[in-house]
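In our numbering, the protein residues as written are 408 to 806.
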């Protein structure tokens with residue numbers, strides 16, 4: 408079984424390419440199901456966030472995840488040829504560990520990526536496209552990410568796209584205290600944006616779609632407006648942030664031009680984009696998308712403790728994988744030993760049941776020792792004996 412991944416990242420793929428292969432949760436599950444049907448694919452998990460789209464596969468034969476993803480999404484592959492990164496085996500496993508740790512994020516050490524990685528495996532599980540290899544790999548990566556968050560302080564700068572957006576707004580507008588803001592979207596990114604704007608002193612209103620009023624959580628201190636009435640409340644405000652999963656624009660140039668006093672600074676945190684790019688050409692309006700937030704440029708030297716945590720979880724994963732591979736060969740090994748013992752002449756010489764058991768065990772161990780002579784160690788044998796004796800404690804042992 409081979410582990411292989413292909414991914415689009417903000418470093419290589421501009422927003423125009425990324426948004427064509429960005430998926431909602433429902434679309435992600437559809438992609439998982441489609442890709443799982445392709446020849447050679449044993450399991451698949453698709454991660455889709457604002458800054459990355461990554462496909463992880465466990466395969467029984469050579470495949471190209473990047474091509475399979477484009478095929479499943481009905482997207483032409485050629486424009487993406489140089490935008491994908493592809494890793495196999497150990498490099499793919501290590502890549503996911505680094506992703507979950509926030510080491511490959513635009514915002515180094517970001518907090519949201521752990522829940523996004525965890526959400527991806529949950530969606531794949533619900534879609535029925537995972538297997539034991541990917542389940543264990545993603546569980547290991549999430550565990551590593553959580554341990555790093557709890558033990559190491561990676562960064563002293565904002566650790567989410569929402570916090571970077573608020574920092575940008577503060578730079579452009581000066582103090583945010585008393586500014587009027589509208590946030591379109593009440594998902595995780597929208598709620599965080601609204602909360603941070605309120606903490607910065609803004610008067611914030613958040614849109615809700617009518618049919619979801621009873622299911623959403625509004626950040627404390629923020630007002631609520633109906634999504635369909637967003638333009639009525641947008642007129643005369645200073646700030647607009649849009650962060651939805653809508654496949655369509657939430658704000659167009661035509662709609663905004665009808666306002667007498669449209670917001671002066673707009674930030675689009677969505678992929679695909681919420682705000683029509685032409686809005687940025689309107690006089691007196693500044694439009695920023697998620698790529699305009701830039702990379703955090705502080706020292707990105709990975710602390711030794713982070714490297715050790717990742718190594719520990721990598722070692723645990725490979726021990727599990729090695730054990731799984733060994734277990735898949737165990738049936739044939741057992742049968743080979745049985746066949747060899749059953750041909751032993753001593754079994755035909757009227758031995759007692761206890762003597763037959765003892766003879767069988769001795770010959771089985773001798774056969775195993777002979778087959779593993781080049782890799783067995785005294786330490787391994789000692790651990791094996793200790794394990795066996797622990798299981799026989801308190802039980803009658805034939806002597």
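Don't be surprised by glycine CBs; every beta carbon is placed ideally from N, CA and C.
Residues 669, 671, 673, 686 of the same chain have their beta carbon placed closer than 7 Å to that of residue 692, with the five preceding and five following residues left out of the count.
Between the beta-carbon of residue 451 and that of residue 409 there is about 13 Å, and that puts the pair past the 8 Å contact cut. Judged by DSSP secondary structure, residue 606 falls within the alpha helix (DSSP H) whose first and last residues are 595-606. For residue 638, the enclosing alpha helix (DSSP H) stretches over residues 637-641. Fully enclosed beta strand (DSSP E) runs of no fewer than 3 residues occupy 672-675 of the stretch 652-690, in order along the chain. Contact between the stretch 496-509 and the stretch 517-528 is present, with at least three C-beta pairs closer than 8 Å. Distances from the CA of residue 677 to each of 653, 424, 786 were compared; the closest alpha carbon is that of 653.
In this structure the stretch 542-555 lies against the stretch 715-722, because at least three pairs of beta carbons, one per stretch, are closer than 8 Å.
The C-alpha of residue 647 lies about 44 Å from the C-alpha of residue 496. 9 Å or more divides the Cβ of residue 473 from the Cβ of residue 444. Residue nearest to residue 711 within the set 560, 631, 607 is 560 (criterion: CA-CA distance). 661 is the residue among 661, 698, 666 whose C-alpha sits nearest the C-alpha of residue 683. When DSSP states are grouped into helix, strand and coil, residue 759 belongs to the coil group. At a Cβ-Cβ threshold of 9 Å, residue 503 and residue 460 do not count as neighbours. Under the DSSP assignment, residue 470 falls outside any beta strand (DSSP E); it carries neither an H nor an E label.
Residue state for residue 633 is assigned as strand, using DSSP reduced to three classes.
Between residue 716 and residue 458, the C-beta spacing is not below 9 Å. Inter-residue distance for residue 639 and residue 414 is about 40 Å (C-alpha atoms, whole angstroms). Scanning its chain for C-beta atoms nearer than 7 Å, with the 5 sequence neighbours on each side dropped, one finds around residue 567 the residues 514, 517, 518, 519, 599, in chain order. By the neighbour-count criterion, in which 16 or more other beta carbons inside 10 Å mark a residue as buried, residue 422 falls on the buried side.
The beta carbon of residue 643 lies closer than 6 Å to those of 668 in the same chain, with the five residues before and after it left out.
Here residue 663 is buried, its C-beta having at least 16 other C-beta atoms within 10 Å. Between the C-alpha atoms of residue 447 and residue 793 there is a straight-line separation of about 41 Å. When secondary structure is reduced to three states using DSSP, residue 493 falls in the strand class. In summary, residue 759 is exposed, with fewer than 16 beta-carbon neighbours lying within 10 Å of its beta-carbon over all protein chains present. Assigned with DSSP and collapsed to three states, residue 571 falls in helix.
Per DSSP, the continuous alpha helix (DSSP H) segment holding residue 523 begins and ends at 519-534.
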